[in-house]
Amino acid sequence: MVKVILSTSVVFLVIVVIRWLFRGKVGNVFLYTIWLLFAAGLMAPGVLLAFQGITGWEKSGVKSPVSIMNLVEMPSGTDDKASGNVQKKKEDTEEEGEKQKEENVGKNTEKDSKRVQEGGKSEVFLGLGRLQLKPVLLFFWAIGAVGILLRQILMEKAFRRLLAENREETDYQGHKVYRTKGIKTPLLFRSRGVSADIYLPETIMGYDIFVRHAVLHESIHKKHGDIWWGYLRNLLVAIYWFYPLVWIAAVLSKRDCEYACDSSVMKGMDKRERISYGNSLLSLIQTEKGGDLFCTATAMKIKKSEMEVRIQMIKRGKKRSIFVTIFSLLLLCIVGIAAFTEAMEPEMGKEGAEPKKLASPVRRKKEETFSVKTAEYELSDLWGADLPKIYFEDRDRMIFGGYFGLFVYSKQNEKIEQSVNLKEIGCDATQGDRYCKIDVSEDGKTVYLHVVHEKEMYQYMVDTQKLKKVAYHLPKNLYNREKWGKTNKSGIRCNGGTIGDLVYWCEGKGTINYYPLFYKPYGACDFFKPDDFRDLCEVSFYNNGTEYIITEAEKLDWIEKHFSKPVQEIKGAPACPFYYIMYFKRKDGACGKVFPATDSDSVYQSGESYYEYKKDGKEGYNEVFWGLFGIHNLEELR
């Protein structure tokens, strides 16, 4: 909205200057036509949104070095602190490729909790204020727009009823006109449907010269389609009722509409005919104080101040300057390019150097990229005040994050392949005044991290694993998770309160599958089938901040015996809950995983297969299995 108002304000000022300086030197039809540039600037956002909604095609705006948005988005400079941050990030490149630390000296959980507590009520109220302000403003805008539209509709309906009740159809030299009582000036008005008809006051029907000039004048209005430009003018006034220049533009364009009509009528007339037409106007035009902005009828109503302009125009006749017309067109083209193009990308200066003074508002400092540290956390750390969110997801990977880092997770390899230490760049707050809003491009290749109220943001490039700091400006084509959710159900949940409990869930064939995000005791491994359960040396899984491990030979033998020889392979998916992946390691180094059921049913899931096992001919011994880990109440697993 800021861009629309800024760009159309510039266009409005240029049009007003052209009208004032070049009236009489360029055609009135030309002066009336250039208002389309102002209207186009107001309509462009709605047209683009409608087009994108229908076609699904999105494209970023054209960037220009002369765009007026360069003035708005031009960075004011980089302070010493910012330069220090860039230098620090440059030094961090030496640590690129470092593996994720498994032990962290300071607990992120304690610091995160302290930050949330210190924020207190002020952060809550500020957050609520930001959330509530937008709908309140939208409500007041809707009230104003609907009110103005209703007034326009009711006024037109009442005027149409008045004409219909007092008119009589007649013919004048092949033109269908209506002889009408109760009106003082000729007019063109939409009777019904898309037809526009000429209405003449009954008082002039005995004067042939007045009738001829009135019919000629209104026929030109009909040829120009001025009725429909009137509807467009009213619609824009209703939508932008809060924008004063729209009201002024509506008044001025309506005046130019009449001037353009007069010029077209007098085209080809000699001086004597122009004077005759001018005398007819003086007799037919009705002067008024206020004017009727919302009336779409092309009635001959003007203010007294406008009468002199029209009389001078009739006396002067056709005096045009091709040079002035061409100059005006070039000026409007330049203004249009400056008003309706996007700002150029900002550029950052050299490392540690003060930003150079810009010779013009269209130059930028050169951008620099730098590496970042990997996220640091412990499995036993709490996941914080807000559950981690998924910011992007497709068939191959997922991008998610919390206060403890930003992560790129490979679905194919079932592991985190990239991470960003958000604390290092000040983007670790999930609420409050320093809240960092995270968005991802539609293709998942760029992550945008913006701390609210700041004029700059970070861009993380997934392919290169590099980071850069730029002026805050989000592209139009961002990832929309709602579209993904229509066909794919997935998310992040936590069976406990720690980072190690975080799991990615997604719909499988008839059931929900859960995949631990951080707990990978033996690395990536495939599902074990019954024949794979032999020579086990260790079994482990993670629950609510605790890692459960079995290494005792007796317990391992029990698992081998029952899991390697299931009673049957279940057809279809059972209704059992499968919350935890359990990992198995053999003496030969091979490892695998299964989903044991967390209820009383003796079932485990291996990929898309389900197997039921028994003990000594008795069913329902899943409690015995979980008892091997010291868990005797299965409710602890839910």
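Each position in the sequence shown, counted from 1, maps to that position plus 719 in my numbering.
For glycine and all other residues, C-beta sits at the position ideal for the given N, C-alpha and C.
Item                                                                                                                                                                                : Value
Which residue wins for smallest C-alpha separation from Pro1107, given the options Ile1300, Gly1219, Glu1226 and Phe1348?                                                           : Gly1219
Beta-carbon within less than 6 Å of Lys1333's beta-carbon, same chain only, minus the 5 sequence neighbours each way: which residues are those?                                     : Val1286
Would you mind giving the Cβ-Cβ distance between Val934 and Ile917, rounded to the nearest angstrom? I have them listed as a contact below 8 Å.                                     : 6 Å
Using the DSSP secondary-structure output, state which residues sit across from Arg879 in a beta bridge.                                                                            : In DSSP, Arg879 forms no bridge with anything.
Could you say if the stretch 1130-1147 and the stretch 1165-1178 meet the contact criterion of at least three C-beta pairs nearer than 8 Å?                                         : yes
Per DSSP, Met1117 is paired with what?                                                                                                                                              : Glu1112 and Tyr1128
Tell me the rounded alpha-carbon separation between Ala979 and Leu1186.                                                                                                             : 57 Å
Using alpha carbons as the reference points, say which of His1192, Val1181, Lys1195 and Ala1294 lies closest to Asn1232.                                                            : Ala1294
Can you tell me whether DSSP reads Lys1092 as helix, strand or coil?                                                                                                                : coil
Helix, strand or coil: how does DSSP classify Asp1105 here?                                                                                                                         : coil
Mapping DSSP to helix, strand and coil, what is Glu1257?                                                                                                                            : strand
Could you please give the first and the last residue of the uninterrupted beta strand (DSSP E) stretch that includes Val730?                                                        : Not the beta strand (DSSP E): Val730 falls in the alpha helix (DSSP H), residues Val721 to Phe741.
Should Glu937 go down as buried or exposed, given a rule of 16 or more other Cβ atoms within 10 Å for buried?                                                                       : buried
Looking only at DSSP bridge pairs, what is Ala915 linked to?                                                                                                                        : Arg909
For Val1159, count neighbouring Cβ atoms within 10 angstroms of its own Cβ and tell me buried if that reaches 16, exposed if not.                                                   : buried
Alpha carbon to alpha carbon, how far is Ile862 from Arg1039?                                                                                                                       : 46 Å
Assuming contact is defined by CB atoms lying nearer than 8 Å, are Ser726 and Gly760 in contact in what I supplied?                                                                 : yes
For the pair the stretch 1258-1274 and the stretch 1319-1327, tell me if three or more CB-CB distances fall below 8 Å.                                                              : no
Please report the distance separating the alpha-carbon of Val1343 from that of Ile1350.                                                                                             : 9 Å
Should the stretch 885-895 be called in touch with the stretch 866-873, which here means at least 3 C-beta pairs below 8 Å?                                                         : no
Determine the contact status of Arg1305 and Asp1254, defining contact as a CB-CB distance below 8 Å.                                                                                : yes
Nearest-angstrom Cα distance between Glu1266 and Glu1331?                                                                                                                           : 26 Å
Looking at the strands, I want to know which residues DSSP matches up with Ser999.                                                                                                  : Ser999 is not bridged to any residue.
Short of 7 Å in beta carbon distance, which residues of its chain neighbour Gly1215, apart from the five on each side in sequence? Order them along the chain.                      : Asn1262, Asn1263 and Gly1264
Tell me the DSSP bridge mates of Tyr897?                                                                                                                                            : Glu888 and Tyr918
Buried or exposed for Ile734, going by 16 or more other Cβ atoms inside 10 Å?                                                                                                       : buried
Kindly list the residues whose CB is nearer than 8 Å to the CB of Ile939, restricted to its own chain and excluding five residues on each side of it in sequence; keep chain order. : Cys980, Ser983 and Val984
Check for me: the alpha helix (DSSP H) holding Tyr1241 runs from which residue to which?                                                                                            : Note, Tyr1241: premise wrong, no alpha helix (DSSP H); not H, not E.
Using DSSP bridges, identify the partner residues of Gln1393.                                                                                                                       : There is no way to answer for residue 1393, as the model of the chain reaches only from 720 to 1357.
Nearest by alpha-carbon distance to Ser1319: which of Glu1288, Val965, Ile1300 and Glu1354 is it?                                                                                   : Glu1354
Give the single residue among Arg1114, Val913 and Leu919 whose Cα lies nearest to the Cα of Pro905.                                                                                 : Leu919
Beta strand (DSSP E) containing Trp1224: first to last residue?                                                                                                                     : Leu1221 to Glu1226
Return the bridge partner residues of Pro1315 from the DSSP annotation.                                                                                                             : Tyr1323
Any idea which residues DSSP pairs Val934 with across the strands?                                                                                                                  : None; Val934 has no bridge partner.
I need the DSSP call for Ala1190, collapsed to helix, strand or coil.                                                                                                               : strand
If you draw a straight line from the C-alpha of Glu1257 to the C-alpha of Ala1316, how long is it?                                                                                  : 19 Å
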